[in-house]
Every structure is written in C-alpha cells, then in structure tokens.
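In the working numbering, the protein residues as written are 226 to 792.
Glycine included, every Cβ here is placed at the ideal spot set by N, Cα and C.
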RNA sequence: UGGGGCGUCGCCAAGUAGGUAAGGCACGGGGUUUUGGUCCCCGCAUUCGUGGGUUCGAGUCCUACCGCCCCAGCCA
C-alpha cells in the first residue's frame with residue numbers, strides 16, 4: 226500500500242460512498258475547473274408524479290450540492306405543453322419538499338427561457354447552423370436513414386440564413402399549421418450517431434402552455450432547451466440517465482455554437498429499477514388512468530405520494546438512495562432493501578401498540594367478572610422517552626386467531642390446548658378448553674385460566690413461557706379498518722419479456738380487513754402517525770380515517786422467522 | 001451489419017499509478033429478549049462475462065471473442 230493512503234478513509238469509513246460522479250466533482254475541485262463551484266439541478270418534466278426512481282436522482286443532485294457546499298435548482302422541463310399540467314408541478318414540488326430538500330428561491334421553468342431560446346435560435350440561423358425544413362414528419366423520418374445507413378440531406382438544407390430567418394419568424398408568428406415546418410440544426414446527415422442527423426430544434430404546436438398560455442405556437446425540443454437552460458443557470462454538473470449518452474454530443478454542439486455563459490458537463494448514470502413494481506411514467510400513468518389503482522397516491526404504487534401514504538418516511542427513502550449507490554450498470558434493486566430501510570427507521574421511532582386483525586375470543590374463567598385493570602404499557606421497549614399509556618385488561622379478550630392452534634406443530638410457541646403463554650404485560654394464561662360452532666366445528670372461543678401471581682407478565686417461580694401474545698379487551702377495543710399491501714406484481718420484472726406488463730399484476734396486492742380491533746389509546750393518534758402493531762408490522766393512519774372508523778395502512782410487515790422456519 | 005454504453009457473490013456495490021476481492025441487502029447458524037421483532041456474534045466470491053497474452057504478480061495492462069442495454073419522436 227502506498228504511504229499516501231494514510232488520510233484516505235477506509236472502504237467502511239464514514240461519509241457517503243465515492244461513486245464515480247463524486248469522484249468527477251472531486252477532480253474538478255482539485256483542478257479548479259469550476260472555481261470550487263458545484264451547481265446541480267433536478268429537472269423533471271411535469272407530466273406525471275414523482276416516484277422512487279426520481280428520489281434517486283433528487284438525492285444525488287441535492288445531496289451532491291449539499292456535500293460540496295453548492296446549490297441545486299429545481300427546474301421544470303416544460304417544453305411539451307401537450308403533456309404537461311399544473312397539477313403535476315404542484316405535486317412535484319410537494320414531493321421534493323417532503324423528501325427533505327430545499328431549492329430555496331431557485332425554482333425555474335424551461336418555459337421562462339422561451340424568449341432567450343428563440344433569440345439563440347435566430348443566432349444559429351444567422352451562423353448558417355440551423356434551417357427551416359418543409360418536409361413532412363414522414364419524409365424527415367425516411368431521410369434520416371437507418372442505424373446502418375446514412376441519411377440524405379433535406380431539399381431545404383441549402384436555404385440561406387435570410388430565407389431561414391424569415392421562415393422561422395413566420396413560424397413563430399403563427400402563419401403555419403402544426404407540422405408544416407420545423408427548425409433543424411445543420412450538423413451531419415451521415416453521422417453514425419443518429420441524434421446528430423440534423424435534429425429538430427423547434428416544432429409548431431398550436432397548443433396552450435400551462436404557464437405561457439398562447440404566447441407561443443412554436444416550442445423548443447429537449448435537446449436544444451436542456452443544455453441552454455443548464456448554461457443559463459450556471460449549472461456545473463448536469464446529471465441525467467444513461468439513455469441520454471447518445472445525446473451528449475448534441476448537448477455539447479449547441480453550447481459550443483452559442484454565446485452561453487458556460488458549458489456544464491453532462492454526466493449519465495443508471496436509473497433505478499425496483500423488483501416487483503414498475504418505475505416508468507408511461508406505465509404508472511396507465512395504472513392510474515385505467516383505474517387499476519385508486520390514484521397516484523395509491524399505497525401500492527412506487528410513487529412518492531403512494532409510499533408516503535403507505536407510511537414510508539423520507540429518512541428511510543434517503544437512506545435507501547444512499548445504499549443503492551450510483552453507477553452506470555443496469556440494475557434491478559431488490560425490494561427487500563427498501564423494506565429493510567423502512568423497518569430500520571420505523572423500529573427506532575414507531576410506538577408499539579396492540580391490535581388484533583382476526584379476533585378469536587378468549588374468556589379468562591378465573592378472572593372476576595366486571596373487573597378491569599389498567600395496565601401500564603411502555604410505547605417502546607428500548608426507548609422510554611416515547612412514554613407509556615394505560616391499557617385495560619378484563620375477563621373477556623380477543624387474541625389473534627393465528628396465535629392459537631388446536632394441533633400445534635413442533636416448536637409452536639403460542640397458544641394450544643393445555644399450553645401456557647404470556648399475554649403481553651398482563652398475565653400468564655393456560656388454555657383449558659375450546660368452544661366450537663356446533664354446525665361447522667370451527668373454534669369460536671377459548672377458555673383459559675390466568676395465574677394471578679404473574680401480574681405484569683412475570684412469574685416469580687422462575688418458570689418460563691415460550692410465547693408472548695398481543696391482545697385487546699373485548700369490552701374496550703375499538704373497531705378499525707386495516708389494509709394490508711403486497712407487491713403490485715407477481716413477476717420480478719413485469720416489463721421484461723413479451724406480453725403486457727399488466728398481465729403480471731398481483732390480484733392479492735390489497736387485502737382489506739374491515740373489522741380489526743385496536744386498543745383504545747389508538748383512537749387518539751393523528752393521521753400520518755406510524756405505529757407498530759406488535760408482532761404484526763408497521764402501520765400508518767390513512768387520510769381516509771375518521772374518528773369513527775380509523776383506517777390503517779400496513780407499511781411493511783415485521784420479519785417473521787416462524788414463517789421461514791415452517792416453510 | 002452503424003454508433004454509444006455496460007458486464008465483480010442470489011440483488012446492489014467498492015476496487016483508479018498491477019501486489020494477491022470492502023460494505024449493505026438476502027440467506028444460513030448461534031446468543032440475548034415480556035414482539036418467533038430489535039440487538040449481538042459467526043458463516044457466506046481461491047474468484048472478478050470468456051479465451052489467450054504481458055508480468056515474479058492482473059478484477060485492474062494488451063488482445064480476441066461472448067452477452068446485455070440505449071439510439072432511426074416534430075417525447076423527455
């Protein structure tokens with residue numbers, strides 16, 4: 226090992242990983258390329274809601290700026306009015322804020338640059354680097370050539386700057402219908418890179434823009450707009466996804482040929498793929514408009530609004546984005562990692578409460594009728610600062626139906642005929658009998674006895690009990706609706722292979738339990754509060770909740786080693 | 001058959017003047033535990049897409065293959 230490694234942190238050392246982008250920034254700072262400046266931007270098109278894949282980009286761009294003492298802009302790439310809506314810009318802003326990032330006073334819109342963009346286009350024309358083409362869309366496509374054959378020049382390619390200027394001004398003035406003409410960059414119709422075969426810069430669209438109204442009837446294309454917007458904002462590192470690698474030469478061409486105030490470096494990284502879901506705007510939009518899900522914030526969706534409603538925390542998502550890393554390799558991240566990040570965060574902060582999803586009645590035969598004990602329950606076993614509350618205990622209780630088995634398998638810790646278990650923080654109880662439905666033979670009720678000497682859940686004689694069950698008092702429990710979510714798709718990558726991705730939708734992705742029972746203290750929790758139903762999972766009080774009918778979304782189940790062992 | 005990228009453990013991902021494969025998730029085993037949760041130990045790539053070559057030594061250099069992704073929107 227070289228001696229100069231002394232100050233370098235170890236691979237396991239603190240701080241964010243040195244992914245290749247951070248290394249580029251390090252190098253730029255070392256060489257003084259930007260004078261120490263680091264300025265990034267998150268540039269969504271407002272044509273849909275943000276999802277967990279965007280979170281990766283947001284964390285990267287805003288995180289990078291923060292780490293290097295720089296800034297990150299929010300910029301709406303709103304150059305295609307046909308697809309964009311204000312509803313989306315509002316939702317995007319709310320989601321970025323919720324994730325925990327702040328663009329301060331730097332929320333920009335590409336549409337704010339329409340005037341400058343237009344002036345730059347005239348300059349390109351004057352320099353003989355752009356021309357107006359009369360060809361139809363089909364002709365342009367045909368003349369572009371193929372991946373292996375060069376394209377052929379447009380008959381309009383030889384027009385003089387004066388002609389082009391006149392035509393372009395008339396395009397802008399609204400003299401031509403949609404599709405009649407376009408402005409094209411004059412680069413190289415024979416380029417092996419298809420992107421450089423005289424790309425379209427402006428198209429005519431007599432469409433109202435959500436911000437500029439009907440001020441324009443020509444709109445600039447992404448390739449022309451994005452690089453200039455970056456330059457105008459003083460961006461240093463323009464980070465985008467892999468599919469734009471082919472566009473980078475065009476990004477550079479535009480900036481090289483215009484008197485812009487700088488030349489940002491475009492850097493591409495691999496976008497996120499998550500198993501058992503889809504992260505393509507096109508597909509998400511389809512699920513929403515075809516009502517496969519209830520809306521953009523359906524808790525099964527990987528949208529930020531969806532997982533927020535599901536009970537995911539911004540902290541967990543940011544942690545996830547750090548853990549997956551940044552690279553240029555195509556990837557498919559295991560959903561289990563996202564769930565792990567959530568559990569880790571929630572385990573630390575969620576109050577533990579009791580709820581019974583599928584009730585089975587238990588009568589404590591030797592417990593006095595009419596007696597009620599208020600048992601003090603801590604809200605967290607390892608963090609007393611979360612406080613405690615009183616939970617009523619009485620002769621008639623409900624336990625989880627799954628916690629009783631009449632003919633238990635080996636290593637069964639829970640209740641069974643003759644078995645003794647602990648009711649959490651209450652008493653040891655022993656099952657002494659079962660009551661059945663005479664018609665179906667189904668067990669409808671359990672008879673138990675409790676050991677009064679085990680109050681609080683401890684036995685003084687040192688006898689141990691294998692299982693600890695959660696419970697609610699029948700007379701005091703309140704009703705609640707519980708929604709259990711599972712993966713949206715049954716296939717790891719529903720987008721792969723032939724066939725429609727919707728063929729892989731999981732029919733059991735949502736299970737509603739309309740009549741679960743919750744301990745009384747839970748009725749006072751605020752919407753959005755995240756709790757752990759002991760032994761069942763983490764839950765979040767849904768916005769649909771009313772005091773009369775609380776609705777809980779299960780954020781994620783607890784790890785279940787019994788389920789694993791019994792497999 | 002053109003051009004641009006990428007290939008390190010089941011899934012992510014470190015590795016960068018060539019020096020003898022980090023870490024996380026998942027998984028398996030053990031301990032603690034009033035959640036079969038948490039927590040704590042321990043295990044988990046003789047090998048870096050493949051074949052050659054250079055070298056005392058190669059994931060890192062050379063070379064030839066193979067595989068996967070992206071590009072022919074007046075979408076972004």
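At the level of alpha carbons, what is the spacing between residue i and residue j?
i: residue 667; j: residue 659; result: 10 Å
i: residue 280; j: residue 542; result: 8 Å
i: residue 770; j: residue 455; result: 44 Å
i: residue 291; j: residue 683; result: 51 Å
i: residue 377; j: residue 364; result: 11 Å
i: residue 754; j: residue 766; result: 6 Å
i: residue 275; j: residue 323; result: 12 Å
i: residue 515; j: residue 676; result: 57 Å
i: residue 497; j: residue 559; result: 11 Å
i: residue 782; j: residue 424; result: 51 Å
i: residue 433; j: residue 779; result: 42 Å
i: residue 577; j: residue 476; result: 53 Å
i: residue 270; j: residue 309; result: 7 Å
i: residue 312; j: residue 268; result: 16 Å
i: residue 251; j: residue 264; result: 13 Å
i: residue 662; j: residue 592; result: 24 Å
i: residue 521; j: residue 768; result: 14 Å
i: residue 318; j: residue 305; result: 19 Å
i: residue 618; j: residue 641; result: 21 Å
i: residue 326; j: residue 648; result: 44 Å
Tell me, which residues are paired with residue i by DSSP?
i: residue 600; result: 616
i: residue 427; result: 408, 445
i: residue 672; result: 588, 658
i: residue 281; result: DSSP lists no partner for residue 281.
i: residue 696; result: 624
i: residue 265; result: 297
i: residue 794; result: Because the chain here runs from 226 to 792, residue 794 falls outside it and cannot be looked at.
i: residue 757; result: 577, 763
i: residue 355; result: 410
i: residue 710; result: 735
i: residue 276; result: 528
i: residue 488; result: Partner(s): none; residue 488 has no beta bridge.
i: residue 464; result: 492
i: residue 646; result: 654
i: residue 638; result: According to DSSP, residue 638 bridges with nothing at all.
i: residue 778; result: 708, 765
Hey, would you say residue i sits closer than 8 Å to residue j, going by beta carbons?
i: residue 277; j: residue 504; result: yes
i: residue 362; j: residue 379; result: no
i: residue 599; j: residue 586; result: no
i: residue 692; j: residue 654; result: no
i: residue 835; j: residue 321; result: Examination of residue 835 is not possible in this model, given that the chain is present from 226 through 792 alone.
i: residue 673; j: residue 590; result: yes
i: residue 495; j: residue 398; result: no
i: residue 743; j: residue 705; result: yes
i: residue 536; j: residue 334; result: no
i: residue 580; j: residue 750; result: no
i: residue 463; j: residue 490; result: yes
i: residue 698; j: residue 712; result: no
i: residue 650; j: residue 681; result: yes
i: residue 696; j: residue 611; result: no
i: residue 352; j: residue 471; result: no
So is residue i buried or exposed if we call it buried at 16+ other beta carbons inside 10 Å?
i: residue 557; result: exposed
i: residue 418; result: exposed
i: residue 348; result: exposed
i: residue 246; result: buried
i: residue 298; result: buried
i: residue 332; result: exposed
i: residue 273; result: buried
i: residue 431; result: exposed
i: residue 544; result: buried
i: residue 346; result: buried
i: residue 372; result: exposed
Thinking residue i and residue j are a contact (beta carbons under 8 Å), I'd like their distance in whole angstroms, please.
i: residue 458; j: residue 262; result: That pair is no contact at about 12 Å.
i: residue 259; j: residue 450; result: With a Cβ gap of about 22 Å, residue 259 and residue 450 do not count as contacting.
i: residue 357; j: residue 406; result: 5 Å
i: residue 582; j: residue 761; result: 7 Å
i: residue 447; j: residue 302; result: 7 Å
i: residue 409; j: residue 426; result: 6 Å
i: residue 568; j: residue 588; result: Residue 568 to residue 588, Cβ: 35 Å. No contact.
i: residue 196; j: residue 244; result: This structure leaves residue 196 out entirely; the chain is present only between 226 and 792.
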